[in-house]
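Numbering-wise (our numbering), the sequence shown opens with residue 1394 and increments by one. C-beta: ideal position from N, C-alpha, C; glycine also. Since the model is a prediction, treat every value here as computed from it, not as a measurement.
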Amino acid sequence: MVGMTVIEHLLIKQKESPEATGAFTRLLTELIVAAKVISREVNRAGLVDILGYTGRINIQEERVRKLDDFANHTIMERMEKSGQLCAMASEEDPDLIEISKEYPKGNYILIFDPLDGSSNIDVNASIGTIFSIHRKVTPGEEATLADALQKGSKQVAAGYFIYGSSTMMVYTTGSGVYGFTLFPGLGEFLLSHEDIKIPERGKIYSVNEGNYNYWDENVRRFVDYLKESDKATKRPYTSRYIGALVADFHRNLLKGGIFMYPADTKDPKKPHGKLRLLCEAAPLAFIVEQAGGYASTGYERILDVEPQELHQRVPLFIGSREDVLLAEEFIQGKR
Ligand code: AHM
Ligand code: MG
């Protein structure tokens, strides 16, 4: 039913699974409040003295912008009080984030990228928050790294908030993908995109082509192929690249196409591409598969990759199923 609030939607989904206790609904409800706070701050980013850098360097050796910091703390502080989490992990923090002793613990672990695409903040382009939720798998109350290092296929839920021309939430719990748009006057997310399906094949490719010379020969051949002209296979494709994963992914989810961040040799310290498995690739892979699409490293389904470390990076090819399968064929030298 278009127009229902995200909370109503969550409650309906909760009723559909008889074993649900409501813990998961409470967890997402808190996360939605955190996202509304971030959305409000993002909207006035140009008005207050919140642009610029904090002067610190994060685990990814990037300068931390004030708004990244704000988003990170908003989520951490709100979510640790939710009573539903045993731990968290953020793109901005090197280690597992423990829940303070004063708060009750729960059975879920939240992994998130608080503000994805942050180089877009200063130019008023879209940015987002990505989240991934797993169930605790180790015994005892305290979470261990093993609770975070689970394959993407084990996710209980995943989603993102996009702070664009309007703010949207897109999420899945493994039974379809739903999109909600924040109605500013009401402060409510209303269902606007029911059971999202990505086209089987798209016409868009999204990649930072400035890195072309750093890619493997097979990746170059694939991108060259997309640019060739051929009426029968509806080529050339159109190139679209915002430079914020959430925004590029969201467009391709609705319109069809492929987003790529291949491995490159630009930085020998980071030989596996740029994007992080746990807080970026895996949650979006869960969403895209639920929408009928596919996500791959070029060799392996993203949801099957066994994480080795919290900040592991992977090459990412994600979007319309036929486009990603074709990318795999090129990358594996089968074409
Ligand atoms: P971030 O999470 O630190 O913002 O970095 C990830 C971003 C993605 O949103 C985007 O797809 C990618 O980095 C863009 O990288 P590049 O500027 O190398 O094209
Ligand atoms: Mg990111």
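Helix, strand or coil at residue i according to DSSP, with G and I counted as helix
i	result
ARG1594	coil
PRO1507	strand
MET1561	strand
HIS1402	helix
ILE1695	helix
GLY1521	strand
VAL1430	helix
HIS1704	coil
SER1568	coil
LEU1542	coil
ILE1526	strand
GLY1552	strand
ILE1502	strand
GLY1603	helix
MET1397	coil
SER1512	helix
ALA1416	helix
Alpha-carbon to alpha-carbon, residue j and residue i
i	j	result
ALA1482	LEU1677	17 Å
THR1522	ILE1431	9 Å
ARG1613	ALA1656	12 Å
LEU1647	TYR1496	40 Å
MET1472	ALA1427	8 Å
LYS1544	LEU1696	6 Å
LEU1703	LYS1529	15 Å
PHE1465	GLY1726	Rather than Phe, the amino acid found at residue 1465 in this sequence is Asn. Taking the straight line from one Cα to the other gives about 41 Å.
GLY1415	ILE1502	16 Å
TYR1692	GLY1666	14 Å
LEU1709	PHE1505	17 Å
PHE1358	GLU1412	This structure does not reach residue 1358, given that the chain is present from 1394 up to 1728, and the question cannot be answered.
LEU1424	ILE1468	7 Å
VAL1624	GLY1533	Val is not the amino acid found at residue 1624; the sequence shown has Lys there. Taking the straight line joining both Cα atoms gives about 60 Å.
THR1658	GLY1396	47 Å
LEU1671	GLN1705	7 Å
GLY1366	GLU1721	Residue 1366 lies beyond the range of the chain shown here (1394 to 1728); nothing can be said about it.
LEU1549	PHE1524	Per the sequence shown, residue 1549 should be read as Val rather than Leu. Roughly 11 Å between the two C-alpha positions.
GLN1718	TYR1687	Note on residue identity: the sequence assigns Leu, not Gln, to residue 1718. Straight-line Cα distance between these residues: approximately 8 Å.
ARG1644	LYS1494	41 Å
PRO1700	ALA1539	9 Å
ALA1480	ARG1728	44 Å
Residue of the options minimising C-alpha distance to residue i
i	options	result
LEU1403	LYS1529, GLU1602, TYR1571 and LYS1459	TYR1571
ALA1536	ILE1490, GLU1495, VAL1616 and ASN1517	ILE1490
ILE1651	SER1546, ALA1625 and ILE1591	ILE1591
ARG1419	VAL1516, GLU1721, GLY1499 and LYS1544	GLY1499
ARG1565	GLU1722, ASP1506, LEU1619 and ALA1675	Inspection of the sequence shows that residue 1565 is occupied by Thr rather than by Arg. Closest by alpha carbon: ALA1675.
LEU1355	HIS1466, ASP1588 and GLY1712	Summary: the structure shown does not reach residue 1355, with the chain confined to residues 1394 through 1728, and so no result is reported for it.
TYR1618	LEU1584, LYS1596, SER1525 and SER1511	LYS1596
LYS1620	GLU1602, GLY1636, ASP1609 and LYS1406	GLU1602
SER1393	ASN1611, GLY1557 and ASP1488	Within the shown structure, residues of the chain are numbered from 1394 to 1728, placing residue 1393 beyond reach of any answer.
LEU1508	TYR1607, SER1493 and PHE1554	PHE1554
MET1561	ALA1550, GLY1552, ALA1551 and PHE1573	PHE1573
LEU1583	TYR1598, GLN1407 and VAL1563	VAL1563
ILE1589	TYR1605, GLY1569 and GLY1578	GLY1569
ASP1486	GLY1510, GLY1476, ASP1461 and LEU1478	ASP1461
beta-carbon residue i near the ligand SAH non-hydrogen atom, thresh 6 Å
i	result
LEU1646	As for the ligand SAH, it is missing from this structure, which binds only the ligand AHM and the ligand MG.
- Task: Taking 8 Å as the threshold, find out whether the stretch 1680-1693 comes into contact with the stretch 1616-1636 through three or more Cβ pairs.
- Result: No: the two stretches stay apart, fewer than three of their Cβ pairs being nearer than 8 Å.
- At 4 residues or longer, and completely inside the stretch 1606-1670: list those alpha helix (DSSP H) runs for me, N to C. Taking only runs of at least 4 residues, the alpha helix (DSSP H) segments lying wholly in the stretch 1606-1670 are 1610-1620 and 1638-1648.
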